[in-house]
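All residue numbers in the sequence shown are consecutive under our numbering, ending with 1228.
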Amino acid sequence: MTDFCDRAHAAEQEMRRLFPVTPLQRNDHLSVRYGADIWLKREDLSPVRSYKIRGAFNAMRKVLAREPGRALFVCASAGNHAQGVAYVCRHFGVKGVIFMPVTTPQQKIDKTRVFGGDAIEIRMVGDYFDDTLEAAQAYCAEAGGHFLAPFDDADVIEGQASIAVEVLEQMGRAPDMMVLPVGGGGLAAGVTRCLAEKAPATALRYVEPEGGASLKAALVAGHPVSLSRVDSFVDGAAVARIGALPFDALAETPVRDVILAPEDRICITMLDMLNVEGVVLEPAGALSVDALTDLAEEMRGKSVVCVTSGGNFDFERLPEVKERAQRFAGLKKYLILRLPQRPGALRDFLELLGPDDNITRFEYLKKSARNFGSVLIGIETSEAANFAAMFARLDAVGLAYTDITNDETISEFVI
């Protein structure tokens, strides 16, 4: 029987008909920062700016080899999987019907249409992905198509494993460590299985968004479980339940080897990579780089490969990313201030601000009493320590305030 990594190697060779090897680049900036030899496997530089093209290509290739007359493929996706399927449908000259939620950003719809051209049809169905998925599967069964799952598929996992094949060939040796992002688990499962055969000494670390830790939940339970709540910010990896097949490959992973990346910290990593390196990463694409903060001591002096899994970032989201990064770094806060309703009260407050404190938002919410009003104030500063000094000055003059920066419930409705 052919070994898994040999099959992944065969898939990787077939992919060269579709796109060149994605670069493996040593990153001096990160290497110096962490005292390690850090390399980035740039999946954000694939034709569809994510690794998803690999699994879609391999799955479609193998289906067509088994069923030469197969002419219809169906998928449900709001992002990178849709784009990968569209690109591969055009390559093989088959029809693809791609179901997307009606809430999908227009940018993603347009890119999917460009990649697929006349080979695909896009159907907008459902406010939520579960509704979209149900509609796609029902249509697929009715039309006699083949459903291309984004991660819970053996051929997709095999295709994603081609990343490991390329890394070993590009480095000419096995790295000491690989850091893998986890969403549904297809990439992590494929690379894990391949390295277990070809480079068992390579340490593997897995990183998933704090608000979508489906792998960790499954490892703790001993089987895949559905998260009751998922933070959708890291949309490329915010999966409520890890795939059954990927979990089979990851079931022996120690829980300590799974890193949870806070969504707001990921924003700092995205901005750092953009501003310092000129590398555009989507939130999921920045996961492996973000995890280096947690791995700093463990990886010192070692060779480390991070998979930057995607770069499909909508720059309309940049203000949100900057906002979240500032809040995580302690450089921006929101306060509800109880301000006296008298002439000069605002001027008195402004005099309490430091030289680097800037008001970015000021809004009267309501008059809580005849002589006082509640004011929403957003303040940015240059150093987190400046806020402690500012709060001390507010306390000294008896101004009542509430810091709502990290209060999710209030922030959701007020900020």
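The beta carbon of each residue, even a glycine, is placed where N, CA and C say it ideally should be.
Considering only residues of the same chain and omitting the five flanking positions on each side of R1054, which have a CB-CB separation below 6 Å? Residue mapping note: residue 1054 aligns to position 241 of the sequence shown, counting from 1. Here the set comprises S1027, P1037 and S1039.
Since C1007 and A821 should fall inside the 8 Å C-beta cutoff, what is the C-beta to C-beta distance between them, to a whole number of angstroms? Within the sequence shown, numbered from 1, the residue matching residue 1007 stands at position 194. Within the sequence shown, numbered from 1, the residue matching residue 821 stands at position 8. A821 and C1007 do touch by the CB rule: their CB atoms are close to 5 Å apart, below 8 Å.
Here's a check: name, in chain order, each residue in its chain whose Cβ is nearer than 8 Å to the Cβ of P963, leaving out the five neighbours to either side. Your numbering for residue 963 matches position 150 in the sequence shown. Once the five neighbours on either side are set aside, the close Cβ partners of P963 are K865, G868, C888, S890, H894, V969, G997 and G999.
Best match in E1193, T1222 and D1161 for proximity to A1209 [C-alpha to C-alpha]: As a first step, residue 1209 is located in the sequence shown; it is residue number 396 there, counting from the start. When only C-alpha atoms are compared, the closest one is D1161.
Relative to the ligand GDP, is the shortest distance from any of its heavy atoms to the C-beta of T945 smaller than 6 Å? The ligand content of the structure shown is nil, which means the ligand GDP is not present either.
Inspect the CB distances between the segment 933-948 and the segment 973-983 and report whether three or more fall short of 8 Å. Counting C-beta pairs with one atom in each stretch, the segment 933-948 and the segment 973-983 have fewer than three that are closer than 8 Å, which means they do not touch.
Which two residues bound the contiguous alpha helix (DSSP H) that contains M1203? Against the sequence shown, residue 1203 aligns to sequence position 390. In this chain, the alpha helix (DSSP H) harbouring M1203 covers A1198 to A1209.
Same chain, Cβ closer than 6 Å to Q1139, five either side skipped, listed in chain order: By 1-based counting over the sequence shown, the position of residue 1139 is 326. Same-chain partners within the cutoff: K1145.
Fully enclosed by the segment 819-904, which beta strand (DSSP E) runs are 3 residues long or longer? Taking only runs of at least 3 residues, the beta strand (DSSP E) segments lying wholly in the segment 819-904 are 837-839, 850-855 and 885-889.
Nearest-angstrom Cα distance between F886 and R830? The sequence position of residue 886 within the sequence shown is 73, counting from 1. The sequence position of residue 830 within the sequence shown is 17, counting from 1. Going by the C-alpha atoms only, they are around 20 Å apart.
Taking the alpha carbon of R883 as the reference point, which residue from M913, G897 and C953 has its own alpha carbon closest? Here residue 883 is taken as the residue at index 70 of the sequence shown, counted from 1. Nearest of M913, G897 and C953 to R883, Cα basis: C953.
Where M1083 and D1103 are concerned, what is the direct C-alpha to C-alpha distance, given to the nearest angstrom? For the purposes of this step, residue 1083 is identified with residue 270 of the sequence shown, where counting begins at 1. For the purposes of this step, residue 1103 is identified with residue 290 of the sequence shown, where counting begins at 1. In a straight line, the C-alpha of M1083 is about 8 Å away from that of D1103.
Identify every run of the beta strand (DSSP E) within the segment 924-998, keeping only runs that are complete inside it and at least 3 residues long; order them along the chain. Here the runs fully enclosed are 933-937 and 990-994.
Taking 7 Å as the cut-off, decide whether the C-beta atoms of V978 and L1100 are in contact. Here residue 978 refers to the residue found at position 165 when the sequence shown is read from its first residue. Here residue 1100 refers to the residue found at position 287 when the sequence shown is read from its first residue. The Cβ-Cβ distance between V978 and L1100 does not fall below 7 Å.
Grab me the residues of C902's own chain with a C-beta within less than 8 Å of its C-beta, minus the 5 sequence neighbours each way, in chain order. What you label residue 902 is simply residue 89 of the sequence shown in a count that begins at 1. The beta carbon of C902 sits closer than 8 Å to the beta carbons of M873, F886, K908, G909, G929, A932 and I933 from its chain, once the five residues preceding and following it are set aside; these are given in chain order.
Looking at the secondary structure, which residues open and close the alpha helix (DSSP H) in which P1096 lies? Residue mapping note: residue 1096 aligns to position 283 of the sequence shown, counting from 1. Careful: P1096 lies outside any alpha helix (DSSP H) and carries neither H nor E.
Quick one, which of D1044, F817, A823 and I976 has its alpha-carbon nearest L858's? Indexing the sequence shown from 1 puts residue 858 at position 45. Of the listed residues, the one whose Cα sits closest to L858 is I976.
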